[in-house]
Amino acid sequence: MGDIVERSGCRALVLWPSFKEIPFLQILERVQSTALAQLESIIIYADGEPLPTLPGTLAGRSLIDYQELAGCEEFSGDDVQPENGVVVFTTSGTTAAPKFVLHSHASITGHASDVTEFFGWCKPDTVILQVVPLCGTFGHAQAMAGLAAGRPLVMMPVFSGPEATDLMHQHKVTHCNGSDEMFARMLDASDAPLAFPSFRYGGYAAFNPVYQDIVARADKRGMKLVGLWGMSEMQALYARQDPTETVDVRRRRGGMLVSKTAKVRVRDTEQGTLLPHGEVGELEVRGPSRMSEYFGDTVASQSVLTDDGFVRTGDLGFTENDQQFVFLGRMGDAIRLGGFLVNPAEIEAHLQTHAAVDRAQVVAVDTPQGTRAFAFVISNRVQAFDESALLAHCADGIAGFKVPVGIQKLTRFPVTESANGVKIQRSHLRKMAADYLKSG
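Everything in the sequence shown is counted per the working numbering, starting at 1496 for the first residue and increasing by one.
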């Protein structure tokens, strides 16, 4: 929180103190005052409760009731240019600190219009269920497209399978995009053979390997799902599989590009050459939904953008034509946790702030609850290794979904030597993590 507020230079912070019983104000109390120095206003959504007392780290800031703002006259000024920045998404990069993905008015509104047309949301009976939060591009892109279509968005502050199922029936929902697990929970909450009669199709994100059969499972209940692809730099819903295709095709990630002017290609990263359709390499994408830059990081912006405007995705895949591709997986070591792409370096860096840890490596491991982080550490012998203490250290300093499911002490990391130097065998660490959990 402190890092994001400080580096972004934000002037106002909006929060709902009682939301999900998360101690937001206590969290802010632990942030260094210097990181919050640029904040001028704190806007509180009190949900009918009295305004809280701000922690000492926010002393002197203007405290504003959200309801007062909602009751103000509509702002009539408009100095906006299409290329002006309007929203920033945070995303993990090659360092522990998240990158700030800056999008313009043009990229957000243009993509919303493209999604509306491509997904067929302009029909007068379209009703969209919003199950994904607005803080990331997945939920944001769907919401913007729904607004562009001028069709109802049924909002959920917090996802619940039974509640989502009730809303689907109550509002005769025709479209919804969400994670594989969300759709599984909705199906579990319905006893009807034809689960959702009004539903046309929805896009799913494959986050949890436990639900690899979700497309086939949903199909048997009359719920048509299609694979999606997106990233913060290009926005979610950049590509979508064809709803008229077979289950085997629809379950793939990737698909047809939503924008008619977007392009996708594949590059051999070792040779630097572009590859023909069907050959596997790094996906490079371009289109009107592209970010403007990494806010405040020119070097990172230049490293991810090609001279002709494509984004180097770091994703492995192949093209089927200039407007269609299949995503196979991440080329790097980033892992998907809680629906967010997380750089293991962030968790490793936090572990290494503990007195008992000299070095750390974090990998992904499949569990019945989905993909989780698992950590291996080498002790610096200053303090005895204690797994419980290290897990508590993580819970105290990073988001809950990033906390490792387990931590194992090693004397050294498995490595392999090559012409390019010594590399840690992360594949071996992943196997060790899986074996460790099975034995426990």
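C-beta: ideal position from N, C-alpha, C; glycine also.
Quick caveat, the model's predicted, so the values are computed rather than measured.
Same chain, Cβ closer than 7 Å to residue i, five either side skipped, listed in chain order
i: A1679; result: Y1706 and I1709
i: S1513; result: D1542 and E1544
i: T1529; result: none
i: Y1931; result: G1901 and Q1903
Distance between residue j and residue i (C-alpha atoms, nearest Å)
i: V1596; j: S1557; result: 28 Å
i: K1897; j: L1885; result: 13 Å
i: S1913; j: D1792; result: Legend: pLDDT at S1913 = 41, less than 50; position of this residue unreliable, no value from coordinates given.
i: A1844; j: L1823; result: 28 Å
i: L1642; j: M1677; result: 23 Å
i: I1919; j: G1809; result: 19 Å
i: T1590; j: R1506; result: Reliability fails at T1590, whose pLDDT of 47 lies under 50, so the model's placement of it is uncertain and no value is given.
i: V1900; j: A1659; result: 29 Å
i: G1833; j: G1697; result: 20 Å
i: M1496; j: P1647; result: 33 Å
i: K1667; j: D1620; result: 9 Å
i: D1686; j: D1861; result: 29 Å
i: I1842; j: V1858; result: 10 Å
i: I1893; j: S1798; result: 27 Å
i: A1868; j: S1883; result: 15 Å
i: H1598; j: S1874; result: 42 Å
Spatial neighbours of residue i in its chain, beta-carbon cut-off 6 Å, leaving aside the 5 residues before and after
i: P1657; result: A1684
i: S1754; result: D1609, G1782 and P1783
i: T1504; result: One detail in the question is off: residue 1504 reads as Gly in this sequence, not Thr. Around G1504: Q1533.
i: F1633; result: V1627 and A1731
i: E1535; result: R1506
i: G1681; result: Per the sequence shown, the amino acid found at residue 1681 is Met instead of Gly. Only G1656, A1659 and T1660 meet the Cβ criterion.
i: G1588; result: With a pLDDT of only 48 at G1588, under the threshold of 50, the placement of this residue in the model should not be trusted; the figure read from the coordinates follows. These residues qualify, in order along the chain: K1594.
i: A1640; result: A1607, V1610 and T1611
i: N1703; result: D1675, E1676 and G1865
i: Q1637; result: N1672
Element boundaries [beta strand (DSSP E), containing residue i]
i: L1553; result: It is not in any beta strand (DSSP E) - L1553 carries neither H nor E in the DSSP assignment.
i: V1860; result: V1852 to T1862
i: T1529; result: Run containing T1529: none; DSSP gives neither H nor E here.
i: G1865; result: G1865 to S1874
i: L1832; result: I1830 to L1832
Bridge partners - residue i, DSSP secondary structure assignment
i: M1650; result: Q1625
i: A1734; result: W1724 and L1752
i: I1538; result: V1509 and I1559
i: F1584; result: V1596
i: Y1699; result: G1673 and G1722
i: V1910; result: I1919
i: F1835; result: L1832
Beta-carbon contacts of residue i that lie in its chain and below 8 Å, excluding the five residues immediately before and after
i: T1764; result: G1776, E1777 and M1826
i: E1815; result: H1772, G1773 and V1821
i: E1524; result: P1550, G1551 and T1552
Residue i, enclosing alpha helix (DSSP H) - first and last residue
i: V1710; result: I1709 to D1714
i: F1941; result: Only positions 1496 to 1935 of the chain appear in the structure, and residue 1941 is not among them; the question remains open.
i: V1705; result: That residue, V1705, is in no alpha helix (DSSP H); it is neither H nor E in DSSP.
i: V1500; result: G1497 to S1503
i: F1519; result: F1519 to E1524
Point to revise | Secondary structure, beta strand (DSSP E): runs of 3+ residues fully inside the region 1883–1907 | key: List check, beta strand (DSSP E) in window: 1901–1904.
Point to revise | alpha helix (DSSP H) segments (min. 4 residues) lying fully within the region 1743–1827 | key: 1793–1799
Review point. Which ranges would you report for the beta strand (DSSP E) in the region 1631–1693 if only whole runs of at least 3 residues count?
Key: Listed in chain order, they are 1648–1650 and 1670–1674.
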